[in-house]
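Chemist: The numbers in the numbering used here rise by one with no breaks, and the one at position 306 of the sequence shown is 307.
All residues carry an ideal CB built from backbone N, CA and C; glycine is no exception.
Quick one: the structure is below, and I'll ask about it shortly.
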Amino acid sequence: MKIKIEQVDFWKEIQKVFSIVPTRTTLPILSNIRLDAEKDSLSIAATDLDVSICTKMPAQAEDPGSITVPARKFAEVLRELPSCLLSLESDGDRVWLLSDRGRYGLIGMPAEDFPRLPSRGEGTSFQPEGEILSDIIDKTIFAVSTDESRPALTGVFFKGNGEQIDIVATDGHRLARVSRNMSIPLSPFEAIVPPKALSHLTRLISGGEQLHKVIVGETYITFDLGETQLYSRLIEGPYPDIERVIPKSNEKRMVVDNESFSSAIRRVSALSDSDTHQVCFSIRKGSVRLSASSQEMGGEATEEVDVQYDNEDLDIGYNANYVLEILKRMRSEKVVFELDTPISAGIIRPIEQPEGEDYLCLIMPLRLND
């Protein structure tokens, strides 16, 4: 293999695939990226067997061929090279990067040993705007569970039906759901997508990639970004029926200023218990008193915040970190807490929402100490 390629362009494409390469693996080939040189293009691929990516870029191949190279060392060298025309060559299992003043060699592995990537296949497809989907992922992915004993909860749930798509994540302590109207009706589908794939998708979109299409198959989901294809194995379900756990009659509404309320929680929670991060909300008409204490450090804090509330008194405890993670994703100046009892789930919603979108988060309270 021998190919001419610009360092700047090559480095840009390598970055697209690099984070898919696993940091630890029992299969050495997965630590490599695959390079396939054709007459006028170079394809670059990486996989961890669950998530795979392939991107294609223009290049001048004097001698087409394929090989895999150690991803981290190859990227480390390429990143430090100056902007110039490079020659990428292979001779047996040796791969060379040649610049006008340097020569850098690595031992590669045969391309035939690299796992076969998924194909796009057939399935339900839809065409969301990349920026909108990226925003929805950010609003939900933080609530994904890390408990491998409940594998369905370790992914983000996509459900399409008619003119609406629901995207949900939960770990049993908090839940985030976005319902979004679609301009083109969808065929019914359900999919549980690993968060690694979605995090990589948002990284690609924020880097300027255009999302053309999403294709949901029986075992894989494909994100078509033109010259870049991102594939992910789906997590087996079923996903819990979340409508059963979302309260429908929480009538105690507390409206807060998002920025000032978040700041107050951060201050008070600095002296909360390091395990539970519990902050007590003592809610009264027109105000809420936030309080926290920590036996291990002997610290305590209280702060009163003005709110809009006109209902009976309520004392309720929450994990401050969970509340702050939710408020951070509420793109709204005002946020409403819909509450019921000290031991029942609460709902948090932004007052202002994009047209055609319904975003809510559920949070379970902590039992207050007597």
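1. How would you label residue 279, buried or exposed, when you count the other beta carbons within 10 angstroms and need 16 or more for buried?
2. Can you name the start and end residues of the alpha helix (DSSP H) that residue 327 belongs to?
3. Hey, could you find the ends of the alpha helix (DSSP H) residue 77 is sitting in?
4. Kindly identify the DSSP beta-bridge partner or partners of residue 300.
5. State the Cα-Cα distance for the pair residue 85 and residue 13, rounded to the nearest angstrom.
6. Using a Cβ-Cβ cutoff of less than 6 Å, which residues in the same chain neighbour residue 99 once the five nearest sequence positions on both sides are dropped?
7. List the endpoints of the continuous beta strand (DSSP E) containing residue 230.
8. Could you give the DSSP three-state label for residue 131: helix, strand or coil?
9. In this structure, how does DSSP classify residue 191 when only helix, strand and coil are distinguished?
10. Residue 169 and residue 233 - do their beta-carbons sit closer together than 8 Å?
11. Which same chain residues, not among the five before or five after residue 203, have their C-beta less than 6 Å away from its C-beta?
12. Specify, as a first and last residue, the run of the alpha helix (DSSP H) that residue 18 falls within.
13. Am I right that residue 154 and residue 141 are in contact with their C-beta atoms under 8 Å? What's the rounded C-beta distance?
14. Alpha helix (DSSP H) containing residue 269: first to last residue?
15. Tell me where the alpha helix (DSSP H) around residue 40 begins and ends.
16. Bridge partners of residue 283, per DSSP?
17. Nearest CA to the CA of residue 375: which residue from 243, 214, 191?
18. Starting from residue 204 and walking both ways along the alpha helix (DSSP H), at which residues does that stretch end?
19. For residue 161, which residues in the same chain have their Cβ closer than 6 Å to its Cβ, ignoring the five residues on either side in sequence?
20. CA-CA distance, residue 254 and residue 7?
21. Measuring alpha carbon to alpha carbon, tell me which residue in 261, 249, 16, 152 is nearest residue 306.
22. Would you grab the beta carbon distance between residue 270 and residue 293 for me? Rounded to a whole angstrom, and I think it's under 8 Å.
23. Three-state secondary structure (DSSP) at residue 346?
24. As an exercise, report each continuous beta strand (DSSP E) stretch of at least 3 residues that is fully enclosed by the region 96-173, in chain order.
25. Classify residue 273: buried if its beta carbon has 16 or more other beta carbons within 10 angstroms, exposed otherwise.
26. Is it buried or exposed for residue 64, if we count other Cβ within 10 angstroms and need 16 for buried?
27. Buried or exposed for residue 296, going by 16 or more other Cβ atoms inside 10 Å?
28. Considering residue 61, what are the terminal residues of the beta strand (DSSP E) in which it resides?
29. Looking at residue 315 and residue 266, is the spacing between their C-beta atoms short of 8 Å?
30. Indicate whether the contact test is met: 3 or more Cβ pairs, each with one atom in the region 213-226 and one in the region 124-131, closer than 8 Å.
Modeler: On the basis of the supplied data:
1. For the purposes of this step, residue 279 is taken as the residue at position 278 of the sequence shown. Buried.
2. For this step, residue 327 is matched to residue 326 along the sequence shown. 321-329 is the extent of the alpha helix (DSSP H) around residue 327.
3. Here the question's residue 77 lines up with position 76 in the sequence shown. Taken as a continuous stretch (DSSP letters only), the alpha helix (DSSP H) holding residue 77 covers 72-81.
4. In the sequence shown, the residue the question calls residue 300 occupies position 299. In DSSP, residue 300 forms a bridge with 295.
5. Taking the sequence shown and counting its residues from 1, one reaches residue 85 at position 84. Taking the sequence shown and counting its residues from 1, one reaches residue 13 at position 12. Their Cα atoms are separated by approximately 14 Å.
6. The count along the sequence shown starts at 1 and reaches residue 99 at position 98. Contacts found: 88.
7. For the purposes of this step, residue 230 is taken as the residue at position 229 of the sequence shown. Segment 229-234, the beta strand (DSSP E) holding residue 230.
8. Counted from its first residue, the sequence shown places residue 131 at position 130. Helix at residue 131.
9. Indexing the sequence shown from 1 puts residue 191 at position 190. Reduced to three states, the DSSP call for residue 191 is strand.
10. Within the sequence shown, the letter at position 232 stands for residue 233. Within the sequence shown, the letter at position 168 stands for residue 169. No, they are not a contact pair.
11. Along the sequence shown, read from residue 1 onward, the residue named residue 203 stands at position 202. For residue 203, where only same-chain residues beyond five positions count, the Cβ hits under 6 Å are 135, 138.
12. Taking the sequence shown and counting its residues from 1, the one referred to as residue 18 is at position 17. Residue 18 -> alpha helix (DSSP H) spans 8-19.
13. Position 153 of the sequence shown holds residue 154. Position 140 of the sequence shown holds residue 141. Not a contact, Cβ separation roughly 12 Å.
14. Taking the sequence shown and counting its residues from 1, one reaches residue 269 at position 268. Element bounds for residue 269: 259-270.
15. If you number the sequence shown from 1, residue 40 lands on position 39. That residue, residue 40, is in no alpha helix (DSSP H); it is neither H nor E in DSSP.
16. On the sequence shown, position 282 is the one that residue 283 refers to. Answer is 290, 316, bridged to residue 283.
17. One cannot answer for residue 375 here, as it falls past the ends of the chain, which runs 2 to 371.
18. Translated into positions along the sequence shown, residue 204 becomes position 203. Note, residue 204: alpha helix (DSSP H), 196-207.
19. Sequence index remark: in the sequence shown, residue 161 carries index 160 (1-based). Same-chain partners within the cutoff: 187, 190.
20. Locating residue 254 in the sequence shown gives position 253, counting from the first residue. Locating residue 7 in the sequence shown gives position 6, counting from the first residue. C-alpha separation (whole angstroms): 59 Å.
21. Residue mapping note: residue 306 aligns to position 305 of the sequence shown, counting from 1. Checked all of 261, 249, 16, 152; the closest Cα to residue 306 is 261.
22. For the purposes of this step, residue 270 is taken as the residue at position 269 of the sequence shown. For the purposes of this step, residue 293 is taken as the residue at position 292 of the sequence shown. Yes, residue 270 and residue 293 are in contact; Cβ-Cβ is about 6 Å, under 8 Å.
23. Walking along the sequence shown from the start, residue 346 turns up at place 345. Three-state DSSP puts residue 346 in coil, outside helix and strand.
24. 104-108, 125-127, 157-171
25. The residue you call residue 273 lines up with position 272 of the sequence shown. Buried: at least 16 other Cβ atoms inside 10 Å.
26. Within the sequence shown, the letter at position 63 stands for residue 64. The residue in question, residue 64, is exposed, as its Cβ has fewer than 16 Cβ neighbours within 10 Å.
27. Position 295 of the sequence shown, counted from the first residue, corresponds to residue 296. Classification for residue 296: exposed.
28. On the sequence shown, position 60 is the one that residue 61 refers to. First-last of the beta strand (DSSP E) with residue 61: 61-64.
29. Within the sequence shown, numbered from 1, the residue matching residue 266 stands at position 265. Within the sequence shown, numbered from 1, the residue matching residue 315 stands at position 314. No, they are not a contact pair.
30. yes
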